[in-house]
Every structure is written in C-alpha cells, then in structure tokens.
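Trainee: The opening residue of the sequence shown carries number 120 in our numbering; numbering runs sequentially from there.
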Amino acid sequence: MKQSYQYKNFTYILDGNHIVITDPVIPEPESIFKYYSNSKYSLDALKNSYLFATHPYSFNDSIDSSDLLLNFENITKERYVGFYKRFLKPEEFEKYNYNEIFEEDKKDSFLNIKKFFYEIFSRNFGLISLTTEPVNVLMWSHYSSESGFSIEIDKKCLINNLRKHNPDIKNYCFRPIQYVDELETIDTFQEGFSTPDVSFLYMTNVKRSEWKYEDEWRLAIYKSDMGIPFKSVYPGSTDYSGTEERKVYYSKDCVKSIVIGKYFFNGKNCGVLNEDKSFIIENPEFLELVNFLYENHNDKLFMSGELQKGNKFGRSVSRIEIEKHDENTFKLKDLAEVYSNLL
Numbered sequence: 120m121k122q123s124y125q126y127k128n129f130t131y132i133l134d135g136n137h138i139v140i141t142d143p144v145i146p147e148p149e150s151i152f153k154y155y156s157n158s159k160y161s162l163d164a165l166k167n168s169y170l171f172a173t174h175p176y177s178f179n180d181s182i183d184s185s186d187l188l189l190n191f192e193n194i195t196k197e198r199y200v201g202f203y204k205r206f207l208k209p210e211e212f213e214k215y216n217y218n219e220i221f222e223e224d225k226k227d228s229f230l231n232i233k234k235f236f237y238e239i240f241s242r243n244f245g246l247i248s249l250t251t252e253p254v255n256v257l258m259w260s261h262y263s264s265e266s267g268f269s270i271e272i273d274k275k276c277l278i279n280n281l282r283k284h285n286p287d288i289k290n291y292c293f294r295p296i297q298y299v300d301e302l303e304t305i306d307t308f309q310e311g312f313s314t315p316d317v318s319f320l321y322m323t324n325v326k327r328s329e330w331k332y333e334d335e336w337r338l339a340i341y342k343s344d345m346g347i348p349f350k351s352v353y354p355g356s357t358d359y360s361g362t363e364e365r366k367v368y369y370s371k372d373c374v375k376s377i378v379i380g381k382y383f384f385n386g387k388n389c390g391v392l393n394e395d396k397s398f399i400i401e402n403p404e405f406l407e408l409v410n411f412l413y414e415n416h417n418d419k420l421f422m423s424g425e426l427q428k429g430n431k432f433g434r435s436v437s438r439i440e441i442e443k444h445d446e447n448t449f450k451l452k453d454l455a456e457v458y459s460n461l462l
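#1: Whole-angstrom Cβ separation of P253 and S269, contact assumed at under 8 Å?
#2: Please list the terminal residues of the continuous alpha helix (DSSP H) segment that includes L187.
#3: Could you tell me the boundaries of the beta strand (DSSP E) in which S260 lies?
#4: Does the separation of the CB atoms of S69 and H284 fall below 8 Å?
#5: Going by C-alpha distance, which of N415, R438, A164 is nearest G424?
#6: Output the boundary residues of the beta strand (DSSP E) element that contains G433.
#7: Flag this pair as yes or no: are the beta carbons of V367 and I340 separated by less than 8 Å?
#8: Give the range of the beta strand (DSSP E) segment to which E425 is assigned.
#9: Taking only the alpha-carbon atoms, compute the straight-line gap between T304 and L187 and give it to the nearest angstrom.
#10: Which two residues bound the contiguous beta strand (DSSP E) that contains D111?
#11: What residues match up with M345 in a beta bridge as DSSP calls it?
#12: Compute the Euclidean distance between the alpha carbons of V256 and E333, then round it to the nearest angstrom.
#13: Rounded to the nearest angstrom, how far is the Cβ of S343 from that of E364, given a contact under 8 Å?
#14: Using a Cβ-Cβ cut-off of 7 Å (strictly less than) and excluding sequence neighbours within five positions of F129, which residues of its own chain qualify?
#15: Classify N324: buried if its beta carbon has 16 or more other beta carbons within 10 angstroms, exposed otherwise.
#16: F240 to V391, Cα distance in whole Å?
#17: Considering only the beta carbon of each residue, do Y217 and Y203 sit closer than 8 Å?
#18: Can you tell which of H444, P175, D287 has the C-alpha that lies nearest to the C-alpha of K396?
#19: Per DSSP, what kind of secondary structure is Y369 in: helix, strand or coil?
#20: Between the alpha carbons of S356 and I347, how many angstroms are there, rounded?
#21: With three or more beta-carbon pairs closer than 8 Å as the criterion, would you say the region 373 to 391 touches the region 399 to 411?
#22: Assuming Y131 and Y321 are in contact, meaning their beta carbons sit under 8 Å apart, how far apart are those beta carbons, in whole angstroms?
#23: Residues in its own chain within less than 8 Å of F384 by CB, not counting five upstream and five downstream?
#24: Quick check on DSSP: helix, strand or coil for L454?
#25: Residues in its own chain within less than 8 Å of Y169 by CB, not counting five upstream and five downstream?
#26: Which residue marks the beginning of the alpha helix (DSSP H) containing K283, and which one marks its end?
#27: Go ahead and label D183 buried or exposed: buried means 16 or more other beta carbons lie within 10 angstroms of its beta carbon, across all protein chains shown.
#28: What is the DSSP secondary structure of Y160, counted as helix, strand or coil?
#29: Which residues mark the beginning and the end of the alpha helix (DSSP H) in which N231 is found?
#30: For V378, count neighbouring C-beta atoms within 10 Å of its own C-beta (all shown protein chains included) and say buried if the count is 16 or more, exposed if not.
#31: Check each candidate in Y176, N157, P209 and name the one with the smallest Cα separation from S351.
#32: So N290 is in the beta strand (DSSP E); what residue range does that whole segment cover?
#33: Grouping DSSP H, G and I as helix and E and B as strand, with all else coil, what is K350?
#34: For the alpha helix (DSSP H) that D224 lies in, which residues bound it at each end?
#35: Alpha carbon to alpha carbon, how far is I232 from T307? Give it in angstroms, no decimals.
#36: Thinking just about the alpha-carbon of each residue, which of K196, F449, V436 is nearest to the one in W259?
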C-alpha cells in the first residue's frame with residue numbers, strides 16, 4: 120500500500136517494497152565520503168570493506184532519529200493493545216490488563232508504548248552517515264581529529280551492488296538529510312498511515328540546521344534483528360545483541376580514493392625520522408594499516424592539508440604514494456597533484 124508524507128520541500132514515500140524520498144532540487148552525488156578516526160575499528164572496516172549501520176543511540180546528536188520525534192497521541196486503544204499482543208510472548212501479555220494500562224499511558228503522552236515501539240522497530244534499521252564534503256575543515260576535525268582518513272566511494276557502485284554483498288538486507292534507502300530550523304514531531308497514527316514506516320523514514324532524516332555544513336547523505340538499511348546499544352544511553356542496562364550484524368559490505372572496486380589526515384603520521388604512531396625523511400613504524404596496529412594502504416590503495420592515495428594562496432588559506436588534498444623501504448620503514452612521495460577549495 121502506497122503511503123506518503125509531505126514535509127516542507129521533502130516528500131517521504133513508501134511504495135510497495137521500495138522506500139524512497141523525493142526532493143526535486145537535490146541531485147544525487149556521484150561520490151560520497153566516509154570519515155574515520157585512526158582506530159582498530161576503522162582499520163577493520165577498511166580491510167574488510169564494510170560500512171557500519173549505526174543505531175541512533177550511538178549518534179553524537181542525541182535527538183537525531185530519536186523517538187522524541189514520534190507523536191503517539193492519536194493511537195487508538197485497539198492498536199495500542201494489538202501492538203503489545205503482537206510483540207510480547209503470550210505469557211507476558213497475559214500478566215497485565217492493557218486496556219487499563221492504555222488509560223494510564225495516555226496521561227503520560229504514551230511514553231511507555233512509544234519507548235517499547237521504538238526499541239522493537241529500531242532493531243530493524245541501521246543508518247550510515249556519508250557526506251559529499253571531501254575537504255571540509257569541520258568534518259576533518261570532528262570525525263577524524265586530522266589523524267584519521269576518509270574514503271571516497273562511488274555511489275552507483277555501492278548502491279547497485281548492495282544486495283549482492285548483503286543478502287540479509289530486506290530493504291534500503293539512500294537519501295539526503297533534510298535540514299530544518301526547528302524539529303517537529305510526526306503524527307505516527309495519522310490517517311493514511313497503516314504502518315510506521317513513513318514515520319520512521321521522516322524521523323531518521325530530519326536534523327537541525329546547525330548540522331547543515333556536513334551535507335549528509337544517509338544510507339538506511341533494513342534487516343530482521345540487529346543489536347541495540349542500550350548501554351550508550353541507559354545506566355545499568357544490557358545491550359541487545361540481535362541475530363544479524365550491522366555491517367554493510369561493499370566491493371573494493373567501489374573505493375575511488377583514500378585521503379589520509381594531515382597528522383595521520385605522527386609521533387604517537389611513528390618513530391625516528393631518518394635523514395632521507397623516511398620514518399619507522401613500531402606500532403603494530405598502525406603498521407598493519409599503512410601496509411594495507413600500501414598494498415591495496417597506493418594508486419589512489421591522497422593527503423589532506425592546507426594550501427596558502429596569497430594571504431589566504433584553504434583546505435587541500437594532494438596526491439601521494441607510500442614508499443616501503445623495509446618491513447617497518449616508509450617514506451611519503453609527493454606527486455604534486457593538488458586540489459583545493461581555493462583553486
């Protein structure tokens with residue numbers, strides 16, 4: 120059954136098995152970028168060619184995709200009771216009189232069922248934050264601390280091969296974030312909404328305009344039963360593990376370039392600087408990452424930095440190669456190809 124919701128200049132549509140968002144003003148990008156900090160988790164994601172589909176509890180913006188955006192005031196008693204009956208085991212459901220609980224929950228703006236509802240459905244979706252911004256200073260500082268890296272992914276390659284590499288994905292949606300000055304709730308049980316899908320689509324796609332600098336495009340994936348990191352928000356809680364992982368795999372051919380941060384090689388992960396400007400890496404984890412870049416992506420490697428033009432500075436990326444002298448000694452070669460937002 121087709122369902123749709125118009126909010127400002129975005130139209131959120133559920134049409135059969137395909138969930139889409141339309142906005143005639145925003146063209147889809149050819150390349151999208153993912154920023155990473157320098158960590159063992161980032162190395163694992165790069166080596167094994169996957170993106171992590173995050174649960175909203177792990178987002179740095181606490182209201183991004185939050186259940187606070189769902190309005191349950193128009194839920195009927197029939198749907199209220201039916202929801203608990205559907206998702207609770209019979210022995211659990213029979214412990215309480217949900218007709219009475221409905222009236223109590225109504226006085227509290229249905230906070231109890233909304234939380235339960237959100238936890239049930241958030242097991243089924245994961246969100247991957249991507250951007251079209253390769254040289255944005257805030258992106259480099261916020262998401263890689265200038266010492267991490269970013270990968271450029273061919274959007275068409277990623278989307279066209281999504282199901283091939285992830286047979287457990289039931290559905291997906293690639294869309295631009297809708298930035299708004301003020302966040303508003305959505306009536307989850309308004310006329311025409313026979314399922315919560317459109318409400319969840321809206322809820323996971325609106326962000327405050329303060330985040331507009333990120334120019335975020337979001338890939339949402341849907342599976343049957345993924346984990347929930349309850350510990351991220353609730354003291355004394357236990358994480359829900361789920362039966363399916365939140366990893367979304369892609370083909371290595373989809374990687375168009377890798378840009379390392381200006382402080383990717385630093386005193387914490389590199390040792391002595393030799394006379395020929397080669398350096399020794401003693402950190403095993405970082406050594407593994409550098410070797411992986413050298414062996415797999417040396418032909419598409421760049422370094423982030425600053426470019427001065429007159430008395431002005433701008434972010435830049437320059438083409439580099441890694442030279443390997445021995446097992447743990449390396450040197451960077453500048454190939455003199457520079458791209459900057461000043462040019």
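Beta carbons are placed, not taken as given, at the ideal position from N, Cα and C, and that holds for glycine. Computed from a prediction, not measured in an experiment: that's the story for all the values here.
Mentor: Well, looking at it:
#1: In the sequence shown, the residue the question calls residue 253 occupies position 134. In the sequence shown, the residue the question calls residue 269 occupies position 150. About 7 Å; that satisfies the 8 Å criterion.
#2: Here residue 187 is taken as the residue at index 68 of the sequence shown, counted from 1. Neither: L187 is in no alpha helix (DSSP H) and is coded neither H nor E.
#3: Residue mapping note: residue 260 aligns to position 141 of the sequence shown, counting from 1. Segment 256 to 262 is the alpha helix (DSSP H) holding S260; no beta strand (DSSP E) there.
#4: Only positions 120 to 462 of the chain appear in this structure, which leaves residue 69 out of reach.
#5: For the purposes of this step, residue 424 is taken as residue 305 along the sequence shown, with counting starting at 1. Per the Cα distances, R438.
#6: Here residue 433 corresponds to residue number 314 of the sequence shown, with the count starting at 1. Run containing G433: 431 to 445, per the beta strand (DSSP E) assignment.
#7: Sequence index remark: in the sequence shown, residue 367 carries index 248 (1-based). Sequence index remark: in the sequence shown, residue 340 carries index 221 (1-based). Taking 8 Å as the Cβ cut-off, V367 and I340 qualify as a contacting pair.
#8: Residue numbering aside, residue 425 sits at position 306 when the sequence shown is read from its first letter. Where E425 is concerned, the enclosing beta strand (DSSP E) stretches over 420 to 428.
#9: Residue numbering aside, residue 304 sits at position 185 when the sequence shown is read from its first letter. Residue numbering aside, residue 187 sits at position 68 when the sequence shown is read from its first letter. Taking the straight line joining both Cα atoms gives about 7 Å.
#10: Because the chain in this structure spans residues 120 to 462, residue 111 falls outside the shown range and cannot be described.
#11: Within the sequence shown, numbered from 1, the residue matching residue 345 stands at position 226. Its beta-bridge partners are E363.
#12: What you label residue 256 is simply residue 137 of the sequence shown in a count that begins at 1. What you label residue 333 is simply residue 214 of the sequence shown in a count that begins at 1. If I take the Cα positions, the gap works out to 10 Å.
#13: Looking up residue 343 in the sequence shown gives position 224. Looking up residue 364 in the sequence shown gives position 245. So it is not a contact: roughly 12 Å between Cβ atoms.
#14: Numbered from its first residue, the sequence shown carries residue 129 at position 10. Result list for F129: I140, D142, Q297, in chain order.
#15: To locate residue 324, count along the sequence shown from 1; it is residue 205. N324 is buried by the Cβ-count criterion.
#16: For the purposes of this step, residue 240 is taken as residue 121 along the sequence shown, with counting starting at 1. For the purposes of this step, residue 391 is taken as residue 272 along the sequence shown, with counting starting at 1. Near 52 Å, if we compare the C-alpha coordinates of V391 and F240.
#17: On the sequence shown, residue 217 is found 98 positions in, with the first residue counted as 1. On the sequence shown, residue 203 is found 84 positions in, with the first residue counted as 1. Yes, the Cβ-Cβ distance between Y217 and Y203 is below 8 Å.
#18: Taking the first residue of the sequence shown as position 1, residue 396 is located at position 277. Of the listed residues, the one whose Cα sits closest to K396 is H444.
#19: Along the sequence shown, one-based indexing puts residue 369 at 250. In this structure, Y369 counts as coil in the three-state DSSP scheme.
#20: Position 237 of the sequence shown, counting from 1, holds the residue named residue 356. Position 228 of the sequence shown, counting from 1, holds the residue named residue 347. S356 and I347: Cα-Cα distance of roughly 11 Å.
#21: yes
#22: Walking along the sequence shown from the start, residue 131 turns up at place 12. Walking along the sequence shown from the start, residue 321 turns up at place 202. Correct: roughly 5 Å between the Cβ atoms.
#23: The count along the sequence shown starts at 1 and reaches residue 384 at position 265. Excluding residues within five positions, the ones whose Cβ falls inside 8 Å are F398, L451.
#24: Counting from one through the sequence shown, the residue named residue 454 turns up at place 335. In the structure shown, L454 sits in a strand (DSSP, three-state: E or B).
#25: As a working note, residue 169 is residue 50 in the sequence shown. Contacts found: K366, V367, Y368, Y369.
#26: Counting from 1 along the sequence shown, the entry for residue 283 is found at position 164. First-last of the alpha helix (DSSP H) with K283: 281 to 284.
#27: Stepping through the sequence shown from its first residue, residue 183 is reached at position 64. With 16 or more Cβ atoms within 10 Å of its Cβ, D183 is classed as buried.
#28: Residue numbering aside, residue 160 sits at position 41 when the sequence shown is read from its first letter. Three-state result, Y160: helix.
#29: For the purposes of this step, residue 231 is taken as residue 112 along the sequence shown, with counting starting at 1. First-last of the alpha helix (DSSP H) with N231: 230 to 240.
#30: In the sequence shown, counting from the first residue as 1, residue 378 sits at position 259. Result: buried.
#31: For the purposes of this step, residue 351 is taken as residue 232 along the sequence shown, with counting starting at 1. That would be Y176, whose Cα lies nearest to the Cα of S351.
#32: As a first step, residue 290 must be located in the sequence shown, where it is residue number 171. It spans 290 to 295 - the beta strand (DSSP E) in which N290 sits, taken as one unbroken run.
#33: The residue labelled residue 350 in the question sits at position 231 within the sequence shown. DSSP places K350 in helix when its eight states are reduced to three.
#34: Working through the sequence shown from its first residue, we reach residue 224 at position 105. First-last of the alpha helix (DSSP H) with D224: 217 to 226.
#35: By one-based count along the sequence shown, residue 307 stands at place 188. By one-based count along the sequence shown, residue 232 stands at place 113. Whole-angstrom Cα-Cα distance: 12 Å.
#36: For the purposes of this step, residue 259 is taken as residue 140 along the sequence shown, with counting starting at 1. The shortest C-alpha separation from W259 is found at V436.
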